[in-house]
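For the working numbering, count along the sequence shown from 1 and bump the result up by 2. In this text, a Cβ means the ideal position worked out from N, Cα and C, and glycines have one as well.
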Amino acid sequence: MKKHQNYFLLFLIVFGIFFGVAPVRAAKLSALSVKGTQLVNDKGKPVQLKGVSTHGLSWFPQYVNPKAFTNIKKNWNANAVRLALYTSEYNGYCTGDAANQKALEERIDKGIQYATNAGLYVILDWHILSDGNPRTYEKQAVRFFRKMASKYKNHTNILYEICNEPNGGTSWSTIKAYAKKVIKAIRSQDKHAVILIGTPNWSQDVDVAAKSPIKGYQNLMYTLHFYAGTHGADLRKKAKTALAQKLPLFVSEFGISEASGSGALNQKEGKQWMKFLKNNRISYIGWNLSNKEESSALLNSSCTKTSAWKNADLSPWGKWLVKQF
Ligand code: IDC
């Protein structure tokens, strides 16, 4: 080989290292697990996830983009994003046609990719709501989560939330029967990922779940949802009861508006909740990343930007939440 060819080869190698092997990609996040009631990293240190939830992926797809997710991490200082996949409402995963289902899965794939590149944990949320009983679409859930867990078993940054908010009087034993099937499907592919389980009465009755938690699996947590405009000390009491019984809690959705997603913000009650979450190092995810005209939207309804938000683009709730991160 001639000398100038050697130099050229050397140039290629150095160029390759700088631009190919080491692109601007976030380091792999620590795998999470559950120790007692606490979420911990791979060194056993407590971890508190803090982040935002998308609105329904069918409703507001525009916010699933790389710059938005980088903004969440870098400008807002959050470390997690929740992808809300409605099952029933508004082109839901289980009520829309096959093309809609495919589009939603592609959006999830992109969302996971963008979150991973941004260095965020990502919660894949099976957002049951008007379909109050998770068993309504149990078969679809089992198939969906098995597929996702198989695809993403090598990711260390994914948490599976298997039923947003059971309601309509669905009992804890019914939810448990559902959860066992879905957990089994996930564990057939991924032995470790943290799984979040919804609780009765719109994920409020954690005290009921605490009396009879799911046995035989590691890394399970139970969800507690609150809206400070509606829920206060009474609901915190349920949470305290559950913690005292060693039930691991995760606040995968909350707001300080009323539970309707609208109405006045209650910042005072919101502060009480944040104190409680901080003291107990409970992870929390704020609802919702959109500019919908409702007080639980994080962006002003006049803001049409889908990333690079200035403080003035945030709604009063958005400003409040970002200060907590
Ligand atoms: C609300 C949205 C609203 C949408 C509605 C659909 O904010 O724009 O029209 O869902 O039915 C929840 C649910 C969450 C709700 C939210 C506010 O998980 O889907 O979002 N909320 O009502 N539980 C308690 C409150």
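Would you tell me roughly how many angstroms separate the C-alpha atoms of T56 and Q142, rounded to the nearest one? 22 Å
Name, in chain order, the residues that DSSP records as bridge partners for Y162. L126, I197
Going by Cα to Cα distance, which pick from G218, I199, G171, V208 is closest to K193? G218
In angstroms with no decimal places, state the Cα-to-Cα distance between W204 and D315. 30 Å
In or out: P25 buried (at least 16 other Cβ within 10 Å) or exposed? With a pLDDT of only 44 at P25, under 50, the local geometry of the prediction cannot be trusted, and the value read off the model is given with reservation. Classification for P25: exposed.
Quick one: is the Cβ of L126 within less than 7 Å of any heavy atom of ligand 1? no
Among A120, L85, P63, whose alpha-carbon lies nearest the alpha-carbon of N73? A120
In angstroms, rounded to a whole number, what distance separates the CA positions of A100 and D133? 19 Å
Coarse secondary structure for Y224, derived from DSSP in three states: strand
Mark R283 as exposed unless 16 or more other C-beta atoms lie within 10 angstroms of its C-beta, in which case mark it buried. exposed
Examine ligand 1 and report whether any of its heavy atoms sits within less than 7 Å of the Cβ of G231. no
Taking all protein chains shown into account, do 16 or more other C-beta atoms lie within 10 angstroms of the C-beta of S262, making it buried, or fewer, making it exposed? exposed
Straight-line CA distance for F147 to I216? 18 Å
Close Cβ partners of F62 (< 6 Å) along its chain, the five nearest in sequence each way excluded: S292
Are the C-beta atoms of K47 and some chain C residue less than 8 Å apart? In the structure shown, chain C cannot be found, because there is only a single protein chain.
Along the chain, where does the alpha helix (DSSP H) containing L301 start, and where does it finish? Per DSSP, L301 belongs to no alpha helix (DSSP H) and is neither H nor E.
Determine the extent of the beta strand (DSSP E) in which Q40 is found, giving its start and end residues. 40-42
With a cut-off of 8 Å on the beta carbons, I'd call L226 and V210 a contact; round off their distance for me. Not really, about 12 Å apart at Cβ, beyond 8 Å.
In the DSSP assignment, find the unbroken alpha helix (DSSP H) run with K37 in it and report its ends. Segment 35-37 is the beta strand (DSSP E) holding K37; no alpha helix (DSSP H) there.
Run the CB neighbour count on E167, radius 10 Å, all protein chains shown included, and call it buried at 16 or more, exposed below. buried
By the 10 Å Cβ neighbour count, where 16 or more other Cβ atoms means buried, how is A266 classified, buried or exposed? exposed
Could you pull out every residue in the same chain whose Cβ sits closer than 7 Å to the Cβ of K307, ignoring the five residues on either side in sequence? D315
Under DSSP, the alpha helix (DSSP H) around E255 begins and ends at which residues? Premise fails: E255 lies in the beta strand (DSSP E), 251-257, not in any alpha helix (DSSP H).
Who are the Cβ neighbours of V23 in its own chain at under 7 Å, not counting the five residues just before and after it? Low confidence applies here, because V23 scores a pLDDT of 46, under 50, leaving its location unreliable and the question unanswered by this model.
Under the three-state DSSP convention, the category R283 falls into: coil
For the alpha helix (DSSP H) containing Y88, name the first residue and the last one. Run containing Y88: none in the alpha helix (DSSP H); it sits in the beta strand (DSSP E), 82-88.
Going by DSSP in three states, W319 sits in which element: helix, strand or coil? helix
Does the Cβ-Cβ distance between K131 and L59 come in under 8 Å? Residue identity check: residue 131 is Leu in the sequence provided, not Lys. Taking 8 Å as the Cβ cut-off, L131 and L59 do not qualify as a contacting pair.
What is the DSSP secondary structure of Y139, counted as helix, strand or coil? helix
Regarding S262 and ligand 1, is the C-beta to nearest heavy atom distance less than 7 Å? yes
Report the three-state DSSP secondary structure of V208 (helix, strand or coil). helix
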